[in-house]
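To keep things clear, I will list the structure first and then write my remarks on it.
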Amino acid sequence: MVSAASIYSTIFPTVIMNSAKSPDALSTAQLLINGEFVTSRTSEWRDIVNPATQEVIGRVPYATRAEIDAAIDAAHVAFGSWKNTSVGARMRIMLKYQMLIRQHLSRIARILSSEQGKTIADAEGDIFRGLEVVEHAVSIGTLQQGEFLENVASRVDTYTLRQPIGVCAGITPFNFPAMIPLWMFPMAIVCGNTFVLKPSEQDPLSTMELVKLAVEAGVPKGVLSVVHGGEEVVDALCTHELIKTVSFVGSTAVGTHVYRLGSEHGKRVQSMMGAKNHAVVLPDADRTHTLNALVGAGFGAAGQRCMATSVVVLVGKTQEWLPDLVERARTLNVNAGSEPGTDVGPVVSRAAKERVLRLIKSGVEEGAALLLDGRGVVVKGYESGNFIGPTIFSEATTDMHIYKEEIFGPVLIVLSVPTLDAAIELVNRNPFGNGVSLFTKSGAAARHFQSEIDVGQVGINIPIPVPVPYFSFTGSRGSKLGDLGPYGKQAIEFYTQTKTVTARWFDDATVNDGVNTTISLR
Ligand code: NAD
548 MVSAASIYST
558 IFPTVIMNSA
568 KSPDALSTAQ
578 LLINGEFVTS
588 RTSEWRDIVN
598 PATQEVIGRV
608 PYATRAEIDA
618 AIDAAHVAFG
628 SWKNTSVGAR
638 MRIMLKYQML
648 IRQHLSRIAR
658 ILSSEQGKTI
668 ADAEGDIFRG
678 LEVVEHAVSI
688 GTLQQGEFLE
698 NVASRVDTYT
708 LRQPIGVCAG
718 ITPFNFPAMI
728 PLWMFPMAIV
738 CGNTFVLKPS
748 EQDPLSTMEL
758 VKLAVEAGVP
768 KGVLSVVHGG
778 EEVVDALCTH
788 ELIKTVSFVG
798 STAVGTHVYR
808 LGSEHGKRVQ
818 SMMGAKNHAV
828 VLPDADRTHT
838 LNALVGAGFG
848 AAGQRCMATS
858 VVVLVGKTQE
868 WLPDLVERAR
878 TLNVNAGSEP
888 GTDVGPVVSR
898 AAKERVLRLI
908 KSGVEEGAAL
918 LLDGRGVVVK
928 GYESGNFIGP
938 TIFSEATTDM
948 HIYKEEIFGP
958 VLIVLSVPTL
968 DAAIELVNRN
978 PFGNGVSLFT
988 KSGAAARHFQ
998 SEIDVGQVGI
1008 NIPIPVPVPY
1018 FSFTGSRGSK
1028 LGDLGPYGKQ
1038 AIEFYTQTKT
1048 VTARWFDDAT
1058 VNDGVNTTIS
1068 LR
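In my numbering, the protein residues as written are 548 to 1069.
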């Protein structure tokens, strides 16, 4: 294998890197092709930057077309034998994999925090939520079973096979570099498919640690491959004739592009996309529990969760709770994710920070009331970090940019309405449908809400209702394209092709019942 240093020196003139460190001191995100971790031969690289310090901690390649093709070809060849590998063997790899993830969880969480910015505890949660999917994958022996019905006609039986579909691709976002890749490849692989992963180019190092553990757990060569890069790699995956499915998680603009391009090229595609998640608060809700939940869900992970609460809808008298909400948010500790006691870490990049600041400015200019302004936050020892403190707007309207756009930063918009039905109407008018919450002590109100709200994932006194892996992630409307979500039963459907067999067996005693030229009425 060619060393990172020699590749680097050959291509140095065209490399996009700013690090003062020598290439050997940096983590190079490698490609995984046909079971080998290799350094890309590309001339295009990107820095991986610690969002709290701006320190360049690694570099990631934009894989060449030849490398992408090699990964897909290897996955195609591996499918030939992997699809016939026994269910027990596949289960045992997942059993070992979950054990290895547990053993390495703290170490990977530190890497994740350093490249993504979230707190160590939150990084551990990111890995843990993915680990739960791997644990569930161990149950494939019951999850992938087909159906059987005897005597659908005289001496005729019908049964279904849930067969793996072939080479599957996954494209993942920066905000959950552990959980979201783990939503995808363990379920795809355990069903008997092979998988080509394209992690986020912003924070691929923790994803690669999880990939290394998968190989250590026994995933055979070619069954899991990784290619890094951006638009060109994504487009190649969406159009390559050997790719059968594409799973995408990320922004609405890119997810829509991926859905269209993949579908046009005959792939089965699922795109989980952007969001604007409302939390509706009724006057009978438990005040302390509710306010704590809103602050945690609005500002945790610096608001960079697709299920973060981004709009609080105060119903009736709960408008009086607003000052209390602001005071609780003000007490949050903004600091580097690696520092103990941090509540809110930096956003992922300078570009992300600039975008959030632009949206806050637009809110002020459009006339919303800025009750808490996190723009001027300076963190001692981390002066160049991408920090934004908790920010709260009230008196916003639904035509303002801060309401219409996904901000993906620590910014809460507070709206007020007179009744629960007015809140339901407001939420249902918003095009997104990822998550929504209701805070109340009334079972009748909760039941009315869950029945009438047009959002795919509903929390009742739960601020971030992400389902555990025995269910599926069921975002809806503008937050999703494609019918089936990741993990759980829907992932089994997504990653398998149902084949229906109708069978009749003759025995020697079968009488000759002649030629029948009509469709059977029996
Ligand atoms: P993104 O869309 O910028 O990137 C996602 C992936 O697409 C990355 O791998 C990236 O390399 C690739 N990509 C970026 N630009 C591309 C282009 N022009 N053409 C082809 N591919 C491209 O998203 P992000 O900023 O990494 O993640 C944040 C977004 O993800 C937010 O909108 C968030 O709501 C969403 N998200 C959604 C869910 C969900 O389940 N609905 C979960 C997590 C994140």
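We put the beta carbon where it would ideally sit given N, CA and C, even for glycine.
Remember, it's a predicted structure, so these values are computed and weren't measured experimentally.
Excluding the 5 residues preceding and the 5 following GLY921 in the sequence, name in chain order all residues of the same chain whose CB lies nearer than 7 angstroms to its CB.
ILE935, GLY936, PRO937, THR938, PRO957
Can you list, in chain order, the residues of its chain with a C-beta nearer than 8 angstroms to that of VAL895? Leave out the 5 residues immediately preceding and following it.
Counting only Cβ-Cβ distances below 8 angstroms, and skipping sequence neighbours, we find PRO598, GLN663, GLY664, PHE721, ASN722, GLN749, ASP750, GLN851, ASN933.
Here's the rule: buried if 16 or more other CB atoms are within 10 angstroms of the residue's CB, otherwise exposed. What is GLY813?
exposed
Would you identify the three-state DSSP class for GLU867, choosing helix, strand or coil?
helix
What's the call for GLN1037, buried or exposed, on a 16-neighbour Cβ count within 10 Å?
Buried is the call here.
Report back the beta-carbon spacing between LEU757 and THR786 to the nearest angstrom; my notes put them in contact at under 8 angstroms.
Not quite, the Cβ-Cβ distance comes to about 27 angstroms (not below 8 angstroms), so this is no contact.
Inspect the CB distances between the region 772-786 and the region 983-998 and report whether three or more fall short of 8 angstroms.
no
Would ARG875 and LEU838 be called neighbours here (beta carbons separated by less than 8 angstroms)?
yes
Can you find a heavy atom of the ligand NAD that lies under 7 angstroms from the Cβ of MET819?
yes
Taking 8 angstroms as the threshold, find out whether the region 912-921 comes into contact with the region 946-964 through three or more Cβ pairs.
By the Cβ criterion, the region 912-921 is in contact with the region 946-964, since at least three pairs of Cβ atoms, one from each stretch, lie closer than 8 angstroms.
Taking Cβ to Cβ, would you say HIS683 is nearer than 8 angstroms to TYR1042?
no
Is it right to say ALA800 is buried, meaning 16 or more other beta carbons lie within 10 angstroms of its own, or is it exposed?
exposed
Report the residue from PRO1033, SER660, VAL873 whose alpha carbon sits nearest the alpha carbon of ILE674.
For ILE674, the nearest C-alpha among the options comes from SER660.
Does ARG1051 pass the burial test, meaning 16 or more other C-beta atoms within 10 Å, or should it be called exposed?
exposed
Can you tell me whether GLN692 is buried or exposed? The criterion is at least 16 other CB atoms within 10 Å of its CB, across all chains shown.
exposed
Could you say if the region 644-658 and the region 607-617 meet the contact criterion of at least three C-beta pairs nearer than 8 angstroms?
Result no; under three Cβ-Cβ pairs closer than 8 angstroms.
Following the continuous beta strand (DSSP E) through HIS651, name the residue where it begins and the one where it ends.
Run containing HIS651: none in the beta strand (DSSP E); it sits in the alpha helix (DSSP H), 634-663.
Could you pull the start and end residues of the alpha helix (DSSP H) that TYR806 belongs to?
799-811
Consult DSSP for SER963 and reduce its assignment to one of helix, strand or coil.
In the three-state scheme derived from DSSP, where H, G and I count as helix and E and B as strand, SER963 is classed as strand.
If you measure from the CB of GLY745, is any heavy atom of the ligand NAD nearer than 7 angstroms?
The residue you asked about is not Gly; residue 745 is Lys in the sequence shown. Yes, the Cβ of LYS745 comes within 7 angstroms of a heavy atom of the ligand NAD.
Counting C-beta neighbours from all protein chains within 10 Å, is the total for GLY1029 16 or more, i.e. buried, or is it exposed?
buried
Between GLU811 and the ligand COA, is the CB less than 7 angstroms from at least one heavy atom?
Of the ligands this structure carries, namely the ligand NAD, none is the ligand COA.
List the whole-angstrom C-beta distance separating ALA725 from GLY677, where the pair is believed to meet the contact cut-off of C-beta under 8 angstroms.
5 angstroms
On the three-state DSSP scale, how would you describe ALA826?
strand
Determine the direct distance from the alpha carbon of ARG637 to that of GLU697, and round the result to whole angstroms.
29 angstroms
Determine the DSSP secondary structure at TYR555, reduced to helix, strand or coil.
Any reading at TYR555 must be qualified, since the residue scores a pLDDT of 31, below 50, and its modelled position is unreliable; the value itself is stated next. In the structure shown, TYR555 sits in a helix (DSSP, three-state: H, G or I).
Just to confirm, is the Cβ distance from ARG1024 to PHE979 under 8 angstroms?
The answer is yes: Cβ separation under 8 angstroms.
By Cβ distance, which residues of its chain are closer than 7 angstroms to THR575, with the 5 residues on each side in sequence left out?
Excluding the 5 residues flanking it on each side, THR575 has same chain C-beta neighbours closer than 7 angstroms at ALA551, THR586, GLY605, ARG606, in chain order.
Once you ignore the five residues that flank THR705 on each side, which residues in its own chain have a CB closer than 6 angstroms to its CB?
LEU696, VAL699, THR1049
Report the partner residues of GLY980 according to the DSSP bridge assignment.
SER1023
Which ranges would you report for the beta strand (DSSP E) in the region 903-970 if only whole runs of at least 3 residues count?
916-919, 938-941, 958-964
Skipping 5 residues on each side, what residues in its chain have a beta carbon closer than 6 angstroms to that of ALA716?
VAL743, LEU784, ILE790, VAL793
For ALA622, which residues of its own chain have a beta-carbon under 6 angstroms away from its beta-carbon, when the five flanking residues on both sides are left out?
VAL714, THR741, VAL743, GLY769, SER772
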